[in-house]
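Each residue of the sequence shown is one higher than the last, beginning at 12 in the working numbering.
Beta carbons: idealized from backbone N, C-alpha and C, even for Gly.
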Amino acid sequence: MAVRNAVAQTGVMTLGYLVSFLCFRAAIVGYAHEALIAAPLAVAAGAIFIVLAAYAQTELLLGDRLSGSS
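Right, dumping it as structure tokens:
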């Protein structure tokens with residue numbers, strides 16, 4: 012169970028980093044007006060996925076404590 016949760020959390024974080032990387036790459040390679048749109052989107056997307064990963068970790072910790080696992 013813990014391994015499955017760790018894999019899921021890693022997947023969410025990896026997806027967040029991938030989205031951020033692709034948006035930043037578009038901002039660097041693209042034109043100036045596209046960069047103004049892509050850079051904030053990359054920051055927002057990365058932040059959303061990091062918050063989701065933190066939420067998942069909190070749920071795992073609370074679930075383990077409530078179930079009596081250490």
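Would you say ILE61 and GLY22 are within 8 Å of each other, going by their C-beta atoms? no
Measuring CB to CB, does ARG56 end up less than 8 Å from VAL30? The amino acid occupying residue 56 in the given sequence is Ala; Arg does not appear at that position. The beta carbons of ALA56 and VAL30 sit closer together than 8 Å.
Hey, would you say ALA67 sits closer than 8 Å to ALA19, going by beta carbons? yes
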